[in-house]
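S.K.:
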Amino acid sequence: MDIKKVISKTASELDKNYQNQGIFEIGVGEKLPKRSEIISILEEIRRLIFPGYFGTENTSIVPLDIFAGNELSIIYEKLYKQIKIAILFSLRDKKGEKGSQEPKYNGKGIDEATEELTLEFIKELPKVQNLILKDVEAELQGDPAASSLEEIIFSYPGIYAISIYRVAHVLYELKIPFIPRIMTEHAHSKTGIDINPGATIGEYFFIDHGTGIVIGETTTIGNHVKIYQGVTLGALSTMKGQELSGVKRHPTIEDDVVVYANTTILGGETVVGKGSVVAGNTFLTQSVPENTTVSAYMPELKLKARKAPKK
């Protein structure tokens, strides 16, 4: 077999695919947000939210306000660059207003818009920290196997995924392209927990075990909600594709609800009422009143004595 011919033919076929797709022609000076930089930003934010846990600083020596100021400066500089890149790439096919070559974003110049968005995000970080600390408390109160808040912060995948969702949701609300989803997909890859940054999640959210959880973009979750591994909060059908963009297509889970393992709850009109419990392995596409226990049909359990093996 001729190596050069195989490589040449394959390269030609790939080039044809590139041309057909029309999404790989990135112009001179154009860049996509850098995934490694966004992950680095997330790690800096975790250091800021949990000082002394994930960095090298000695918080018994360094005053926390000085530490916070330094971290915020680092986060601002890194995030500013990635937001600007994301905005410019999202506008790459648009020309500026009145024939200008410089595009506008929200009616402003790119630098001004980027600065404003980055600062808006920075201002939200104390609120984000408070929400995450409430989630940590919910984990401690909900899991008898948890020995301390410190153990949860260090080792629980649910808190890792929720923390990154809380950060990404702020960026999603600011309508920053690309970056929020890159963040939550990073958490998904590490934990198996897939939370879309567009979901709306209340206080004291508790994920137990976590693996295989899916929470869709238009899901609404209230306060003090607890969900277990394998739960899907999804859409009834996505056959219409982009026609459903922006439409409420995922369920609403009200306050104080518990959803047990491997349950699927689908549909934008599906509401699980306050204080309800949904048993494991349940498939639910209709609303549930408040303070209701929902379960799938449980097969009858049959016990049959067996003879002990001869020794």
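If you want this note's numbering, it's the 1-based position in the sequence shown plus 1.
Just so you know, even glycine gets a beta-carbon here, dropped at the ideal spot from N, CA and C.
These figures come from a predicted structure and were not determined experimentally.
With a CB to CB cut of under 8 Å and the five nearest residues on each side skipped, what residues in its chain are close to residue 175?
M.R.: So the list reads 118, 121, 122, once near-sequence residues are dropped.
S.K.: Would you call residue 16 buried or exposed, if buried means 16 or more other Cβ atoms sit within 10 Å of its Cβ?
M.R.: Exposed, since its Cβ has fewer than 16 Cβ neighbours within 10 Å.
S.K.: Is residue 137 near residue 111, with beta carbons less than 8 Å apart?
M.R.: Not in contact: residue 137 and residue 111 (Cβ atoms no closer than 8 Å).
S.K.: In terms of residues, what are the limits of the beta strand (DSSP E) holding residue 235?
M.R.: Looking at the DSSP string, the run of the beta strand (DSSP E) that includes residue 235 is 233–235.
S.K.: Is residue 24 helix, strand or coil when you go by DSSP?
M.R.: Looking at residue 24 - three-state DSSP - the assignment turns out to be coil, as it is neither helix nor strand.
S.K.: Distance check for residue 202 and residue 298, CA to CA, integer angstroms please.
M.R.: Answer to the nearest angstrom: the Cα atoms are 30 Å apart.
S.K.: May I ask you to report which of helix, strand or coil DSSP gives residue 192?
M.R.: In the structure shown, residue 192 sits in a helix (DSSP, three-state: H, G or I).
S.K.: So what's residue 3 in DSSP terms, helix, strand or just coil?
M.R.: Coil.
S.K.: Between 287, 223, 166, which lies nearest to residue 257 when the distance is taken from Cα to Cα?
M.R.: Of the candidates 287, 223, 166, the one whose C-alpha sits nearest the C-alpha of residue 257 is 223.
S.K.: Rounded to whole angstroms, what's the CA-CA distance from residue 21 to residue 115? Just pull it up for me.
M.R.: Rounded to the nearest angstrom, the two C-alpha atoms are 33 Å apart.
S.K.: Would you report the Cα separation of residue 226 and residue 130, rounded to the nearest angstrom?
M.R.: Those two C-alpha atoms are separated by around 19 Å.
S.K.: Determine the direct distance from the alpha carbon of residue 50 to that of residue 81, and round the result to whole angstroms.
M.R.: Approximately 19 Å between the Cα atoms of the pair.
S.K.: If you draw a straight line from the alpha carbon of residue 98 to that of residue 31, how long is it in whole angstroms?
M.R.: Residue placement at residue 98 cannot be trusted, given a pLDDT of 47 that sits under 50; what the coordinates show is reported in the next sentence. Computed Cα separation, rounded: 20 Å.
S.K.: Are the CB atoms of residue 139 and residue 206 nearer to each other than 8 Å?
M.R.: Their beta carbons are under 8 Å apart, which means residue 139 touches residue 206 by this criterion.
S.K.: Label residue 181 either buried or exposed according to how many other C-beta atoms from any shown protein chain fall within 10 Å of its C-beta, with 16 as the threshold for buried.
M.R.: It counts as buried.
S.K.: Roughly how many angstroms lie between the CA atoms of residue 106 and residue 280, to the nearest whole one?
M.R.: Each residue's Cα considered, the two are about 47 Å apart.
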